[in-house]
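So the sequences go chain by chain: X and F.
Converting from the first sequence to our numbering requires adding 114 to each position, the first position being numbered 1.
Converting from the second sequence to our numbering requires adding 12 to each position, the first position being numbered 1.
Backbone N, C-alpha and C define an ideal beta-carbon position, used for all residues, glycine too.
Just below is one structure, and these are the notes that go with it.
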Amino acid sequence: MAKRIIVIDDEKIVCDMAKKILQAEGYEVETYTDSELALEAIKSQAFDLVITDLKMENVSGMDILKEVNRLHPETRVIMLTAYATLDATIEAIRERIYDFFPKPVKIDELKQSVKKALGD
Amino acid sequence: MFRTAMSIRKRIIIAAVIQAIIICVICFFGYVSFQAALAKLQAIEIIDDLNISLLEMRKAEKNYFLYKDLSSLDELVTIGQKRYGVLEASRASLVSGLPGLSNKDYGELLHNLRRYVELIQGAIQIKAIPPAQEGEVRKLGHTLTEQSATLLRRERKSVNDIISYSIILLIASLGVVFIIQVVLWQYFFHFLIQEITIMEGMIKMVSEGRLREVATRTFSPHNEIQVAVQAISDMARELEKREQELLQSGKLASLGVLISGVAHELGNPLNNISLIAQTYLSLYDLLGDDDKKNYMGDVYTQSERIKKIVENLLDFSRQKKQELHDVQLGDVVKHSLGLVANQLKISKVKQHLTIADDLPPVSVDAPQIQQVLVNLFINAIQAMEQGGELFIEVGLDREHDQVWVSVQDTGIGINKEILPNIFDPFFTTKSTKGTGLGLSVSYGIIQQHHGEISVESEEGKGTTFIVKIPAQRQDKGD
Chain X
115 MAKRIIVIDD EKIVCDMAKK ILQAEGYEVE TYTDSELALE AIKSQAFDLV
165 ITDLKMENVS GMDILKEVNR LHPETRVIML TAYATLDATI EAIRERIYDF
215 FPKPVKIDEL KQSVKKALGD
Chain F
13 MFRTAMSIRK RIIIAAVIQA IIICVICFFG YVSFQAALAK LQAIEIIDDL
63 NISLLEMRKA EKNYFLYKDL SSLDELVTIG QKRYGVLEAS RASLVSGLPG
113 LSNKDYGELL HNLRRYVELI QGAIQIKAIP PAQEGEVRKL GHTLTEQSAT
163 LLRRERKSVN DIISYSIILL IASLGVVFII QVVLWQYFFH FLIQEITIME
213 GMIKMVSEGR LREVATRTFS PHNEIQVAVQ AISDMARELE KREQELLQSG
263 KLASLGVLIS GVAHELGNPL NNISLIAQTY LSLYDLLGDD DKKNYMGDVY
313 TQSERIKKIV ENLLDFSRQK KQELHDVQLG DVVKHSLGLV ANQLKISKVK
363 QHLTIADDLP PVSVDAPQIQ QVLVNLFINA IQAMEQGGEL FIEVGLDREH
413 DQVWVSVQDT GIGINKEILP NIFDPFFTTK STKGTGLGLS VSYGIIQQHH
463 GEISVESEEG KGTTFIVKIP AQRQDKGD
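Written out as structure tokens, the structure reads:
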């Protein structure tokens with residue numbers, strides 16, 4: 115059965131491209147531009163991997179990370195961000211982030227990271 | 013009237029010289045009439061003496077005719093000769109230039125006196141006045157007395173005339189001096205007041221911050237007040253230059269804060285383009301024609317987004333001369349909010365914008381007002397480190413004909429003690445993070461728009477800034 119990945123970013127293009135690329139790799143991908151809806155999805159179902167933007171309205175990537183750690187400690191989280199402060203990075207490391215990608219994201223590196231995270 | 017191109021000092025000197033000349037002329041006339049009166053009094057004295065002598069001479073003549081007393085004739089001759097000598101000697105001084113005592117009258121008097129004395133002298137030699145001459149002697153004596161009395165009367169009248177003439181002259185000249193004084197005083201008063209009024213207006217404009225209007229006044233100064241006016245104008249120009257610099261520094265300070273938001277804002281479309289390009293390259297064979305077209309369309313949209321961000325930023329940072337245009341304040345608010353939209357997002361600040369309907373336009377320099385609003389938004393965001401809510405409201409104050417914007421945050425608030433200082437230049441609570449220019453520059457900008465900026469704050473609850481700008485009168489009636 116294909117591994118399930120959830121992609122959360124308020125930029126629709128990020129979601130679309132990630133979906134296209136990761137589907138081509140054989141993963142099942144769900145995307146959310148609204149982080150609140152994404153959080154609800156995480157609460158109601160289990161994903162194998164979470165890819166989320168850091169800065170988002172209402173629910174931030176950090177909130178998602180904390181919630182995932184709380185509900186599904188075994189699920190790994192990869193974070194994307196256009197603008198990361200040292201404080202945010204340290205906080206993410208303490209919350210056991212799996213990987214951190216500054217925007218613009220290199221797709222090959224992201225694919226590698228996803229593969230490693232899912233233990234393929 | 014004096015020419016306008018003269019210094020006040022010159023005018024005062026000219027006025028003083030004119031007054032001095034007038035006073036000299038008055039003194040001269042006073043002196044002349046005093047001298048005339050003095051000469052007349054001298055003449056009166058001489059004629060008075062002559063009168064007394066004549067009376068004595070007539071008495072001696074009478075004594076001779078009554079008692080044939082020859083010694084009285086000797087006495088008559090002595091007195092007569094003495095008087096004749098005095099009259100002859102003072103002839104020049106009494107006759108010359110004196111109205112009323114003509115040379116002819118005087119000559120007649122002298123001639124008669126000499127004749128009278130000669131007749132008596134002749135009589136003394138023959139020890140009697142011949143009966144044939146008795147009538148002439150009596151007649152001469154009588155004529156002399158009358159002539160002398162007439163002269164005395166005339167001279168007295170003449171002296172009176174001179175004195176009353178002098179009094180009139182004195183009063184008239186005092187009047188003239190007074191009138192000139194009043195005219196000069198009025199002239200200087202009006203002149204100075206007029207010039208000072210100009211200066212007063214300019215000082216008022218400077219204090220209201222309307223530096224441009226004062227600075228653009230150029231004229232060549234002709235007097236001391238105009239020099240001062242010129243100095244005020246120069247000062248305003250210098251101040252305006254400084255204010256422009258300050259405005260720019262304030263703007264750059266806001267820009268520094270905006271940059272972090274902009275970096276994020278630019279990062280997203282850049283990332284999007286990058287992702288599209290990478291997907292396009294790696295999945296090229298899998299993509300259909302429609303996909304490829306859509307991708308390129310997305311790239312175009314994203315690059316337009318970048319262009320817009322850069323344009324906004326450039327627009328904000330550019331230094332421009334103040335240009336007033338009729339705009340809707342609500343639009344300026346929306347545009348300013350756009351500039352900080354990302355800042356709000358990453359700071360977890362929720363915005364609530366309310367714009368009243370049917371607002372009249374305002375005549376403003378939109379980029380400047382934008383600078384003020386961006387500044388207030390950034391301050392609000394910085395006051396809400398843990399996130400919060402930003403209420404922005406645009407409305408109309410019908411009573412004062414002003415359109416107002418209120419910017420209310422739910423941040424840490426401002427201490428009452430420092431609240432009065434927040435509009436001071438270089439006053440900041442952000443230590444090294446702030447320049448202390450933002451609010452002082454904002455204050456200057458709003459002043460220049462004849463508006464008001466005010467603040468209310470409660471520590472721990474939040475701060476509200478209110479900016480009021482005069483509404484443009486609309487010609488169509490209600």
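- Residue-level contact by beta carbon fails for F:Ala368 and chain X, as no gap is shorter than 7 angstroms.
- Taking a contact to require three or more Cβ pairs closer than 8 angstroms, the stretch 186-195 of chain X and the stretch 138-148 of chain X do not qualify as touching.
- Lys169, Glu171: these are the residues of the stretch 154-176 of chain X whose beta carbon lies less than 7 angstroms from some beta carbon of chain F, given in chain order.
- DSSP places F:Phe41 inside the alpha helix (DSSP H), whose first and last residues are 20-79.
- For F:Thr313, the closest of X:Val121, X:Glu125, X:Arg118 by C-alpha to C-alpha distance is X:Glu125.
- If you ignore the 5 residues before and after X:Leu232, its C-beta comes within less than 7 angstroms of the C-beta of Lys117, Asp162, Leu163, all in its own chain and listed in chain order.
- Not one beta carbon of chain X lies nearer than 7 angstroms to the beta carbon of F:Leu402.
- The stretch 25-32 of chain F and the stretch 139-146 of chain F do not touch, with fewer than 3 CB-CB distances between them shorter than 8 angstroms.
- Around the beta carbon of F:Met214, 16 or more other beta carbons sit within 10 angstroms, so the residue counts as buried.
- Each residue's CA atom was taken as its position, placing F:Val226 and F:Pro233 some 15 angstroms apart.
- Here the alpha carbons of F:Ile35 and F:Phe46 stand approximately 16 angstroms from one another.
- Proximity of X:Tyr197 to chain F, defined by a Cβ-Cβ separation below 7 angstroms, is satisfied.
- Here F:Thr209 has no same chain residue with a Cβ atom under 7 angstroms from its own Cβ, once five neighbours each way along the sequence are excluded.
- Each residue's CA atom was taken as its position, placing F:Leu267 and F:Leu449 some 12 angstroms apart.
- In this model, F:Glu464 and F:His364 are separated by some 23 angstroms (Cα to Cα).
- F:Gly400 places its beta carbon 7 angstroms or farther from that of F:Glu255.
- Within chain X, the residues whose beta carbon sits less than 7 angstroms from that of F:His276 are Lys169, Ala196, Tyr197, listed in sequence order.
- Not a single CB atom of chain F sits nearer than 7 angstroms to the CB of X:Met115.
- The shortest C-alpha to C-alpha distance from F:Ala184 to any of F:Gly42, F:Asp327, F:Glu405 is the one to F:Gly42.
- F:Gln137 carries a helical assignment under DSSP once its states are collapsed to helix, strand and coil.
- A Cβ-Cβ distance of about 5 angstroms is found for the pair F:Leu66 and F:Thr157, placing them in contact under the 8 angstroms criterion.
- For X:Pro216, the uninterrupted beta strand (DSSP E) segment begins and ends at 213-216.
- Under DSSP, the beta-bridge partners assigned to F:Glu464 are F:Lys480.
- F:Asp338 sits away from F:Pro281, with the two beta carbons spaced by 7 angstroms or more.
- Legend: CB atoms of the stretch 348-360 of chain F lying less than 8 angstroms from CB atoms of chain X belong to residues Lys357, Ile358, Lys360.
- Below 8 angstroms, enough C-beta pairs join the stretch 351-359 of chain F and the stretch 387-398 of chain F to call them touching: three or more.
- Identification of residues in the stretch 204-227 of chain X having a C-beta nearer than 7 angstroms to some C-beta of chain F yields Lys217, Pro218, Val219, Ile221, given in sequence order.
- Not a single CB atom of chain X sits nearer than 7 angstroms to the CB of F:Asn306.
- Pairwise C-beta distances place the stretch 204-218 of chain X out of contact with the stretch 293-303 of chain F, as fewer than three of them are shorter than 8 angstroms.
- According to the DSSP assignment, F:Ser185 belongs to no beta strand (DSSP E) but to the alpha helix (DSSP H) extending over 143-219.
- The beta carbon of X:Met131 falls within 7 angstroms of a beta carbon belonging to chain F, placing the residue at that interface.
- Judged by their CB atoms, F:Asp377 and F:Gln340 are not nearer to each other than the 7 angstroms cut-off.
- Looking only at F:Leu62, F:Asn75, F:Gln159, the smallest Cα-Cα distance to F:Gly92 is reached by F:Leu62.
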